[in-house]
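Have a look at the structure below before the remarks.
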Amino acid sequence: MSAPSAQELLIQGLTADGKVFRPSDWADRLAGVMSQFRPGGAQPGSHLSYSPWCVPTVIDNIKCVVVHPDLRAAEPMAWDFVMGFARDNALQVVPLSQVPGARG
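So this is what it looks like as structure tokens:
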């Protein structure tokens, strides 16, 4: 699951066998937990918005989370948590640049 650190990664809400991951709000929950990890650190009220390093999105009707490589540099344990979540739930992780129709 490792990728060059210069690329944003996309955690897709599809398991390794192609099934849609549940619960349906998993991406929002994961990004919400990661909201405190942001440039400059947590600030009052920062829990009210997503971190620019971990953003939920939908691509081709699949819930996803875009993970920015700056998270790894700034907070290695947070990076490990996100990547561990993907690994433990057998979610597909790909470089964002390789996903048709995605920014990157």
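Residue numbers for the sequence shown follow our numbering, so the first one is 1 and each next one is one higher. Note that the Cβ used here is the ideal one computed from N, Cα and C, for glycine as well.
In this structure, DSSP gives residue 36 a helical state, which the three-state scheme calls helix.
At least 8 Å separates the beta-carbon of residue 96 from that of residue 11.
Contact between the stretch 56-68 and the stretch 10-29 is present: 3 or more CB-CB pairs across the two stretches fall below 8 Å.
No Cβ-Cβ contact shorter than 8 Å links residue 13 with residue 31. Within the same chain, Cβ atoms closer than 8 Å to the Cβ of residue 38 are found at 46, 51, 52, 53, the five residues on either side in sequence being excluded. In its own chain, leaving out the 5 sequence neighbours on each side, no residue places its CB closer than 6 Å to the CB of residue 81.
DSSP places residue 95 in the uninterrupted beta strand (DSSP E) bounded by 91-95.
For residue 56, DSSP records a beta bridge to 65. In the structure shown, residue 43 falls within a coil segment according to DSSP collapsed to helix, strand and coil.
Ranked by Cα distance from residue 35, the first of 66, 87, 84, 99 is 66.
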